[in-house]
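J.: Quick one: this structure, given as C-alpha cells, is what I'll be asking you about.
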Ligand code: NOJ
Ligand code: CA
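In this note's numbering, the protein residues as written are 59 to 735.
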C-alpha cells in the first residue's frame, strides 16, 4: 500500500442563510441527498441514486416525556459543507485498508417557539450510501433530553423485496429471515435489506450505537418506515444530558449485491481506534467443550455429566495443539449453572470454578502446549450480577493468560436484569440504552486487561470494532446452535440471507464446522447442508475468530475437512463478492492478510448451481495451486448423501477460470496458494 494515498482534504465553508446549498452529492455524483425544512418547518431529507428517487422527502424529529415535541416549526439557521478523502488501516478485518471518501452537509435547525431549541443534522454521502445523525448542543431549553421516541422516517420511493427479521419479539435477533414485499414489512430489526423495483439494492442500519437505544423500523403504511427505539422500563427510551448526538442512521445503496457486500460505510461512520496497539489480539480458529452440551451429551451444570472437567479440558487442549487451533472455549466451568440460570443468573460466580475443573492447572497446561483457553461469562441476562464482578472476573482471566472471552445474555427480550440504582432490580431490553452501555463497559474493562470480547445474545453490531478493536465478534443472529436443537434448523436460505443482511453490520461468531451434519437425536437427513458447505462458511461468514464447532471425534472422522479448517485464513487483506444474489447464493473471495494466498467460498440455497470463477484477481505471471473442497458426485444437502465431498488440486494462473458445482444446500471452499508454498 502506497502511504502517499493517505491523503486528507478537508474544506469547510460556513454559508450564509441566503445561499443555502441544502444538497450534498456523493464523490462519484451518483447519490444526491437533500436536507432542509418544509413549509411547516419540519426537518426533511431525501435521497436519489442516478437521478431516481430512493428516499422521498422524509421527516426527522423527536418526542419527549417531559417536553414539547421537536417536530415542526424549525428554520434553517446555518449550513456547513465539507469533504474528506482518507484511507485508514484496520488492525484486523475483512480488508486491511478502508477508503473513507465522502461529502458532508451539516444543517442547523432552530425551532421557532419560545424555547428556541436547536439541533444539527449531519449528513455524509459516500459512493456506497448515506449516513446522517442528529446532534443536540448543550442548551438551557433542553438540559436533559428524555426521548420518548425518535421520529426519523424512511419513505422508500418504490416497493420491492425485503429480507428482514421481526423486532420486539422474545428471541431477540435469532429468527429466520422473511422475504416479503417492502410494503408487507412489519416492525423489523436492522440491517434490513431491500431490492427496489428498479433493481437498486438498499440496506438500512445504524452506525456507532453509543449511549442510545437500538433502532427498529416500523412500517407506517405503504413503503413508509419510521424509527422505533427499543423500549425502556423508565418511560423515556433514551436519557441524555447536555450535548449529545444520535447514532448514524445509514442507508447503503448500490446497483447490486456486490455494492452492499463491499461497502465500508458502517465502519467509516465510526470513530477511529481509541485503544492504540491491539496486536495482542490474534485472529484465530478455536474448538470447544461446547457442541457436546448442545447435543445433550454433557451438561453445563455440575454432576456426573459435567462437560467442563479437568480431564475433558486436557483432551481438548491436546486436540487443539495437534491440529493447530489456537483456542479452546470451555463453557460451564464456573459456579452458577445448576438449576435455572437463563433469565436469572443470580448464582453466577465468575471467579469460582467447579471443583472438578482445575482452572489453574488447565490454563498452565494450555500455555505449555501453545494453546489459549477462551473464557466464558454466561450471565443468564443478569447484568447487575455481572457488572458487580466484572473487574475481578477480567483480572482473574488476565492472570491465567486468558485473552478472549465469550459472554452470553440468555434471557427473553425485555428480560435483562439490571440494577434499578436503589438496590433492586429492573428489567431492560437486549437492545435498549442500558444494555448498549453495558456492552461497551464490558469491552472497555476487558481492553484494560487485554482481553477480546465475543458477546452472544448481544447488542447488534454497529461498527464499534473500529473504535474498540477488542470487540472482535458477536452472535446477533441464528447461528449453528439451532442445527443442534429440536427446533426448525437453519434452512438452505439462511446463510445466503445472512451474508446480505446481518453480515453487513460486522463479524459474526456463527460457530461453523459441524462435520457430522447431525444435531441432537438426529434422524437422517438432519442438518440441511453438505460437508463442503460447512467449509464454505469459514469464508462466507466473516469473523476474526472462527469456531470449529463439532466434537473432536466428529472432526477426526472427516480428515479432509479438518485439514481445510486447519488451513483456512481468519484475517484478510481484501474481501470481495465475486457473484451472488440476496438470499440465494454467494461466491466470496478473500486474500489473507500476510502472504499471497486466496480463499474462495461459495454457498447456495435449495437450488443446485454451477459457477465459473474468474481468477482475474490473481497476480499476473504467477503460478498457483488451487485446492478445491467441493460437493462430490451425487451430493445433496437436503438428501441422504450430504457427506460426499471431492478434493482436487489444479494449477492456475490469472485469467484462468474454475468451474465448480454446488449441490442443493451445498457449497465449496478453495485455497489458492503460490505454487511451491
Ligand atoms: C447461547 C449461546 O449462543 C451458546 O453459544 C452458549 O453455548 C449458550 N448460550 C450457553 O451460554
Ligand atoms: Ca444464542
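We treat Cβ as the ideally placed atom computed from N, Cα and C, and that holds for glycine.
For clarity, every value in this text was computed on a predicted model and none was experimentally measured.
#1: Nearer than 8 Å: is that true of the beta carbon of residue 348 relative to any heavy atom of ligand 1?
#2: Just to confirm my understanding: we take residue 698, look at its own chain, exclude 5 residues before and 5 after, and list those with CB closer than 7 Å. What are they?
#3: For residue 621 and residue 345, what's the separation of their Cα atoms in angstroms?
#4: Here's a check: name, in chain order, each residue in its chain whose Cβ is nearer than 6 Å to the Cβ of residue 654, leaving out the five neighbours to either side.
#5: So what's residue 352 in DSSP terms, helix, strand or just coil?
#6: For my contact list, residue 145 and residue 157 are in at a C-beta cut-off of 8 Å; report their separation, rounded to the angstrom.
#7: Short of 7 Å in beta carbon distance, which residues of its chain neighbour residue 521, apart from the five on each side in sequence? Order them along the chain.
#8: Compute the beta-carbon to beta-carbon distance between residue 468 and residue 439, rounded to the nearest angstrom, for a pair I have assumed lies under 8 Å.
#9: Using a Cβ-based criterion (distance less than 8 Å to any ligand heavy atom), does residue 569 qualify as near ligand 1?
#10: Leaving out the 5 sequence neighbours to the left and right, which residues in its chain are closer than 8 Å to residue 298 when beta-carbon positions are compared?
#11: Less than 9 Å separating the beta-carbons of residue 85 and residue 170?
#12: Helix or strand or just coil, what does DSSP make of residue 499?
#13: With respect to the alpha helix (DSSP H) encompassing residue 374, which residues constitute its N-terminal and C-terminal limits?
#14: Under the three-state reduction of DSSP, which class applies to residue 122: helix, strand or coil?
#15: Would you tell me roughly how many angstroms separate the C-alpha atoms of residue 315 and residue 395, rounded to the nearest one?
#16: Could you name each continuous alpha helix (DSSP H) segment of 4 residues or more that falls completely within the segment 407-446, going from the start of the chain to the end?
#17: Pairing CB atoms from the segment 178-196 with CB atoms from the segment 277-290, are three or more of them under 8 Å?
#18: Quick check: the Cα distance between residue 645 and residue 670, rounded to an integer number of angstroms?
#19: May I ask whether a heavy atom of ligand 2 can be found less than 8 Å away from the beta carbon of residue 468?
#20: Can you tell me which residues form a DSSP beta bridge with residue 150?
#21: Are the segment 355-372 and the segment 553-563 touching, with three or more C-beta to C-beta distances below 8 Å?
#22: Using the Cβ count rule (16 or more neighbours within 10 Å means buried), how would you classify residue 479?
#23: In this structure, does DSSP put residue 233 in helix, strand or coil?
#24: Considering Cα atoms alone, identify which of 254, 263, 121 and 180 is closest to residue 137.
#25: For the alpha helix (DSSP H) that residue 326 lies in, which residues bound it at each end?
#26: Is it buried or exposed for residue 90, if we count other Cβ within 10 angstroms and need 16 for buried?
#27: Output the residue ranges of the alpha helix (DSSP H) runs that lie fully inside the segment 534-572 and measure 4 residues or longer, sorted by chain position.
#28: At a cut-off of 8 Å, would you count residue 539 as near ligand 2, judging by its Cβ distance to the nearest heavy atom?
#29: What do you reckon, are the CB atoms on residue 590 and residue 693 nearer than 9 Å?
#30: So, helix, strand or coil for residue 176, using DSSP?
#31: With a cut-off of 8 Å, do at least 3 Cβ pairs link the segment 570-581 to the segment 379-395?
#32: The beta strand (DSSP E) spanning residue 512 covers which residue range?
#33: Would you say the beta carbon of residue 518 is closer than 8 Å to some non-hydrogen atom of ligand 1?
#34: Would you say residue 259 touches ligand 2, meaning its beta carbon is less than 8 Å from a heavy atom?
#35: If we ignore side chains and look at the alpha-carbon of each, how far apart do residue 310 and residue 245 end up?
#36: Closest to residue 659 by CA distance: which of 227, 630, 607 and 594 is it?
T.: Taking the geometry as given:
#1: Residue 348 sits at position 290 when you count from the first residue of the chain shown. Because some heavy atom of ligand 1 lies under 8 Å away, the Cβ of residue 348 counts as near it: yes.
#2: Mapped onto the chain shown, residue 698 falls at position 640. These residues qualify, in order along the chain: 582 and 583.
#3: Within the chain shown, residue 621 is the residue found at index 563, counting from 1. Within the chain shown, residue 345 is the residue found at index 287, counting from 1. Rounded to the nearest angstrom, the two C-alpha atoms are 14 Å apart.
#4: Counting from one through the chain shown, the residue named residue 654 turns up at place 596. The residues 732, in chain order, have a CB closer than 6 Å to that of residue 654 in the same chain once the five nearest residues on each side in sequence are set aside.
#5: Residue mapping note: residue 352 aligns to position 294 of the chain shown, counting from 1. Of the three classes helix, strand and coil, the one that applies to residue 352 here is helix, per DSSP.
#6: Translated into positions along the chain shown, residue 145 becomes position 87. Translated into positions along the chain shown, residue 157 becomes position 99. Right, the Cβ-Cβ distance comes to about 5 Å (below 8 Å), so this counts as a contact.
#7: Stepping through the chain shown from its first residue, residue 521 is reached at position 463. Taking C-beta separations shorter than 7 Å and ignoring five residues to either side along the sequence, the partners of residue 521 in its chain run 265, 266, 324, 325, 327, 328 and 564, following chain order.
#8: Your numbering for residue 468 matches position 410 in the chain shown. Your numbering for residue 439 matches position 381 in the chain shown. Here residue 468 really is in contact with residue 439; their C-beta atoms are around 6 Å apart, less than 8 Å.
#9: Numbered from its first residue, the chain shown carries residue 569 at position 511. True, at least one ligand heavy atom lies under 8 Å from that Cβ.
#10: As a first step, residue 298 must be located in the chain shown, where it is residue number 240. Result list for residue 298: 194, 202, 203, 205, 269 and 270, in chain order.
#11: For the purposes of this step, residue 85 is identified with residue 27 of the chain shown, where counting begins at 1. For the purposes of this step, residue 170 is identified with residue 112 of the chain shown, where counting begins at 1. Residue 170 sits away from residue 85, with the two beta carbons spaced by 9 Å or more.
#12: For the purposes of this step, residue 499 is taken as the residue at position 441 of the chain shown. Residue state for residue 499 is assigned as helix, using DSSP reduced to three classes.
#13: Within the chain shown, the letter at position 316 stands for residue 374. Taken as a continuous stretch (DSSP letters only), the alpha helix (DSSP H) holding residue 374 covers 368-381.
#14: Within the chain shown, the letter at position 64 stands for residue 122. Residue 122: strand per DSSP, three-state reduction.
#15: Taking the first residue of the chain shown as position 1, residue 315 is located at position 257. Taking the first residue of the chain shown as position 1, residue 395 is located at position 337. The straight-line gap from Cα to Cα measures roughly 43 Å.
#16: List check, alpha helix (DSSP H) in window: 417-426.
#17: In short, these stretches do not touch, since the Cβ pair count stays below three.
#18: By 1-based counting over the chain shown, the position of residue 645 is 587. By 1-based counting over the chain shown, the position of residue 670 is 612. One Cα belongs to residue 645, the other to residue 670, and the distance between them is close to 10 Å.
#19: Your numbering for residue 468 matches position 410 in the chain shown. Yes; taking the cut-off as 8 Å, the Cβ of residue 468 has a heavy atom of ligand 2 nearer than that.
#20: Position 92 of the chain shown, counted from the start, is the residue given in the question as residue 150. According to DSSP, which records beta bridges pairwise, residue 150 is partnered with nothing at all.
#21: By the C-beta criterion, the segment 355-372 is judged not to be in contact with the segment 553-563, since fewer than 3 inter-stretch pairs fall below 8 Å.
#22: In the chain shown, residue 479 corresponds to position 421, counting from 1. With fewer than 16 other Cβ atoms from the protein chains shown falling within 10 Å of its own Cβ, residue 479 counts as exposed.
#23: Your numbering for residue 233 matches position 175 in the chain shown. Looking at residue 233 - three-state DSSP - the assignment turns out to be coil, as it is neither helix nor strand.
#24: One-based indexing of the chain shown puts residue 137 at position 79. Across the set 254, 263, 121 and 180, the C-alpha of 180 shows the shortest separation from the C-alpha of residue 137.
#25: Mapped onto the chain shown, residue 326 falls at position 268. First-last of the alpha helix (DSSP H) with residue 326: 323-326.
#26: Along the chain shown, one-based indexing puts residue 90 at 32. Burial check for residue 90: the Cβ neighbour count within 10 Å reaches 16 or more, so the residue is buried.
#27: Taking only runs of at least 4 residues, the alpha helix (DSSP H) segments lying wholly in the segment 534-572 are 552-556.
#28: Against the chain shown, residue 539 aligns to sequence position 481. In this structure, ligand 2 has a non-hydrogen atom nearer than 8 Å to the beta-carbon of residue 539.
#29: Residue 590 sits at position 532 when you count from the first residue of the chain shown. Residue 693 sits at position 635 when you count from the first residue of the chain shown. Yes, Cβ-Cβ distance for residue 590 and residue 693 is below 9 Å.
#30: For the purposes of this step, residue 176 is taken as residue 118 along the chain shown, with counting starting at 1. When DSSP states are grouped into helix, strand and coil, residue 176 belongs to the strand group.
#31: These segments do not touch.
#32: Stepping through the chain shown from its first residue, residue 512 is reached at position 454. Unbroken beta strand (DSSP E) run through residue 512: 510-513.
#33: As a working note, residue 518 is residue 460 in the chain shown. Not under cutoff, so the answer is no.
#34: Locating residue 259 in the chain shown gives position 201, counting from the first residue. No, the Cβ of residue 259 stays beyond 8 Å of every heavy atom of ligand 2.
#35: Counting from 1 along the chain shown, the entry for residue 310 is found at position 252. Counting from 1 along the chain shown, the entry for residue 245 is found at position 187. Cα to Cα, the separation comes out at about 20 Å.
#36: In the chain shown, counting from the first residue as 1, residue 659 sits at position 601. If we check each option's Cα against that of residue 659, 594 comes out closest.
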